[in-house]
Structures are given as structure tokens and as C-alpha cells.
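Engineer:
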Amino acid sequence: MLEPLHRARQLITLLPAIFIATLISGCDQPQSERRTLSKDYSLYDAEDKAVNRGLPLSDYLSANEPIEVAVVWNSAAGVNEFWEGALLAAEEINRLAVDRYPRLKINKYDTAPFLKRFKFDRASQGKFRNASQLAAAALADQILENPKNVAVVGHAYADDTAANALLSYEQAGILFFSSTTTNARISGMRSPLAFELFPSVDAISERSAKFATDAGIEKVIVIQQRGMYGSSSDPIPVFLKHLAQNGIDRAEIFSFTSGPESDTATAARVTEELVTRIQGQPDAVGLFLLVENELAVTIFQQLAMLKLTPPMLAASRLDSYAEIGADMYPGFTFLDIFAPDRSLMAKRFEARFKERFQESKASNYAALGYDHVRFLYQAFLCADSTDPGTVALNLRYHQPLWHGVTGPFYLRQSNQNVASGSVILRQFKDVGDRLAIVTLDR
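Sequential numbering of the sequence shown, starting at 211, is according to the numbering used here.
(1) For Gly599, report the span of its beta strand (DSSP E) as first-last.
(2) Indicate whether the contact test is met: 3 or more Cβ pairs, each with one atom in the stretch 341–358 and one in the stretch 269–286, closer than 8 Å.
(3) Per DSSP, what kind of secondary structure is Leu611 in: helix, strand or coil?
(4) Hey, out of Leu645, Arg436, Arg395, whose CA is closest to Pro540's CA?
(5) According to DSSP, simplified to helix, strand and coil, what is Gly336?
(6) Report yes if the C-beta distance between Leu267 and Pro312 is below 8 Å; otherwise report no.
(7) Would you call Leu516 buried or exposed, if buried means 16 or more other Cβ atoms sit within 10 Å of its Cβ?
(8) Taking Val308 as part of the alpha helix (DSSP H), name the residues at either end of that continuous run.
(9) Please classify Lys337 as buried or exposed, where buried requires at least 16 neighbouring CB atoms within 10 angstroms.
(10) Tell me which residues share the same chain as Arg436 and place their Cβ nearer than 8 Å to its Cβ, disregarding the 5 neighbours each side in the sequence.
(11) Across the stretch 596–611 and the stretch 400–415, are there enough close Cβ pairs to call them in contact, namely three or more that are closer than 8 Å?
(12) Cα-Cα, which of Glu291, Asn374, Leu344, Thr486 is closest to Ala394?
(13) Less than 8 Å between the beta carbons of Val495 and Ile433, yes or no?
(14) Let me know the secondary structure DSSP gives Lys318 once reduced to three states.
(15) Are the CB atoms of Ala525 and Leu545 within a distance shorter than 8 Å?
(16) Helix, strand or coil: which one does DSSP assign to Asp412?
(17) What do you get for Lys326, buried or exposed, if any count of 16 or more other CB atoms within 10 angstroms of its CB means buried?
(18) Secondary structure at Ile228, three-state DSSP: helix, strand or coil?
What follows is the structure, encoded as C-alpha cells:
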């Protein structure tokens, strides 16, 4: 009955301690209880009965067949480390004892050809406004053609294919981990087989409010670039809620939509407004920049040249600022999800990734791909099956806190990662004779 737990514990003799501690946590339910739950929830059954996806792990072992998982990314995004991180995770998993742990096969899928076919680059024109939906549906069809694919991991943020492919995944009864998208359309569908693993707006705003409290801020000016989080829903009420919970009930909102002008021109327009609002304030004022990364940097630089440097936090898409920091000033603080100095686990991941992919960078995307594939395999072990409904139920109702290189994961009774601490603060600081990015949260 406790075979899955026993199998997971055997990893102690097979892997370094850091890898073991994160991979085996969570197998806390007897097999009989897990099986019963999956039969009791009919909403977890696929609408399309033509393909019965998922098998007990014992079937993979007896047939010497790997578990197959679709990993989706957009090669046109210019950051392909997501696939490499996923591949590294699979390679580490496949070094486990083959008589006890099914092998894992990564099937790579690229959204770029589909987006090109349906002219996504012209989506602003009425004729092609549904390009993302059409591309996502065509991609999903290709993934679902392989009946051995039991889960989908990934999808890049910018092309919006995650939300558009969800209905196809749901109808086919395949497990879906959305790696970089937090979209009201995904959470609104309340799909029992879909999970958003990227930090939610709640997680981002909660950490932002804590930053404001620690910095002694009494009043916050929130600069919002509309559409920043890829959704029509407004994140401002969420930020105001967490500020109020931290005792900060004075806030001003300055929202704008980026026009055709350059980032420098947009930043000049925003900076002019901020100077008016900041000067003459009797209270300790702080700024939240809910804008794209490059724009946040430009705004900070312009304010710094004007010697207006109140406590300021860039709470944007959590992409790395390291590549655009050459001309920065000390004090720029931003939220992030991965840093080699975040933990010993993260440091070891960076070393292994650089050794395996010498031409690539151990970026946020590499860390996300690595974590999400390992988290998925952990879920298979705990469910003793790849059946999507069984795995989803275990994730949502039984699996406790799990730690990866990008922080904790916890899905208890939710379709989102609700773990506290999934985002961290990083800051540009003078370190000796150079400017460096340091992690403030450990």
C-alpha cells in the first residue's frame, strides 16, 4: 500500500542530499486513498474518451517504456534555456535505478512555427486577431496526436498560447503545468487538470507590500503599465489589499498605456508625472513600478539623475535584470524568482547547468523548466501513476510544500502556486569597485 512512499525514500541511496530532499517530499497518502479519490471526482475525466492517458508506474517499469511529457516553448523568444532546464531535469531523473523508477522522455514542441503560420506578428490587424488562438489549437492538436503524452509543461508568456490551448488540453484530459503565465482566463476556467506554477499577482503584491513596510514607506505611488500581467484583470486592487494588510493605506495610482514612442520617451513622460507627485510630499514616499523591465530601469535612471531616489521596487514580470544593468545605479530593487545565491540548491543547479550546457546561461527560464519537470515527476511518484486525474487530485489535496531552485511550490486546494516565498528581492549594490546584483532574501 505504501509502495510509492517506499520507492521515493529509496532515492536517499541514489542522489545527492539536496536533490533527494526536494524530490521525495510529498508522498504522504496511501495508494488506496489516492485511487479512491480519483474515482469519486468525475470532473477529472476527459471529455474525449478516445484516448485513455496515463498508466500505473508499474506498467512503465514492466514494459521498460518511458513516461512521455510535452515541453512547450517559443524559440522566437530568444531564450531557449527553458527546454535545456527541462532536459537537465530529465537526465538527472533517468540516472535513478531503472528497475524502480520509470524513465522520463521529454518531447519538445515549439510554438514559433504555428504562430508564424497564422501571422501572430500581425495580430493587431483585425484579420489576424485570432492568430494566437488558432496557433495554440494547432499546437495542441499536434501534442495530443501522441497518446503517450500524459502532461504538458511550459508555454512562453508573450504569445498567450497557454490560455488559448487550455480548452484543448482540458477536453483531451491531459495534465497541464503553465510555467510562465498567470492569466485570469486560466484561473477562471477552474480546470481541474491545469495548474499555474508561475508566481501569481497575489504572491508578487504580497512580497511588494512587505518591502514597503521594511523600507518605512508611509505612502506608495503605484506606476502601472496597463496590460503588464497579460490579462484584462486589474492587479491594482490586489496590491492595495496587501498594502492595507501591512498598515499602508495611503496610495496613489498612475496608470498609462505605452504608445508608439520609444521607452526613453515613455519614461520621460512618466518621470515628469512622478516628479510632480514626489516633490513636496511630507511623508516617506515609495514607488512601485508595475512596468516592463527596460522601462523600469530607464525610469529609475532618470529619477536618479534628478536626485529623486525614494525607496523603489520594480514588481514587473520577474525576468532577469542582469543583462541590462551595465549603466545602473546602486539601490535599484526588483522582484525575481531565481538567483544562484538564493540557496545552496540554486547554486548547485547553476553549476550543473553550466557544465551540461556550456554555451547557455542558467537563467530564470532554465530554472523554471528544471523545477517544473522535477515537480511533475515527483507528482507521478506520489500518485504511483501518470493518470492525469489521479495526479491532479494528489497535487491539489495531498502533496505538501515542495522546494525547488525557484522556491517553494504548494497547490493545496488551488490551481495556482500559493506558497509564500516564491518571489525574492534583489538589488543593485556597490560591491568593492563594481556594481553587482545581490539577493536580499535567503
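Beta carbons are placed, not taken as given, at the ideal position from N, Cα and C, and that holds for glycine. As the structure is a computational prediction, the values presented were derived from the model and not from experiment.
Structural biologist: If we stick to the structure as given:
(1) Where Gly599 is concerned, there is no enclosing beta strand (DSSP E), although the alpha helix (DSSP H) it sits in stretches over 598–607.
(2) With a cut-off of 8 Å, the stretch 269–286 and the stretch 341–358 count as touching, because enough Cβ pairs lie within range.
(3) The three-state secondary structure of Leu611, taken from DSSP, is coil.
(4) When only C-alpha atoms are compared, the closest one is Leu645.
(5) Of the three classes helix, strand and coil, the one that applies to Gly336 here is helix, per DSSP.
(6) Yes, they are a contact pair.
(7) By the neighbour-count criterion, in which 16 or more other beta carbons inside 10 Å mark a residue as buried, Leu516 falls on the exposed side.
(8) Where Val308 is concerned, there is no enclosing alpha helix (DSSP H), given that its DSSP letter is neither H nor E.
(9) With fewer than 16 other CB atoms across the displayed protein chains lying within 10 angstroms of its CB, Lys337 is exposed.
(10) The answer, listed in chain order, is Ser465, Phe466, Thr467.
(11) With a cut-off of 8 Å, the stretch 400–415 and the stretch 596–611 count as touching, because enough Cβ pairs lie within range.
(12) Considering only alpha carbons, the answer is Asn374.
(13) Judged by their CB atoms, Val495 and Ile433 are not nearer to each other than the 8 Å cut-off.
(14) Strand at Lys318.
(15) Cβ atoms of Leu545 and Ala525: closer than 8 Å.
(16) In this structure, Asp412 counts as helix in the three-state DSSP scheme.
(17) For Lys326, the number of other beta carbons within 10 angstroms of its own is below 16, and it is reported as exposed.
(18) Because Ile228 sits at a pLDDT of 49, beneath the cut-off of 50, its placement in the model cannot be relied upon, and the following sentence gives the value as read from the coordinates. DSSP places Ile228 within a helical segment (H, G or I) once states are collapsed to three.
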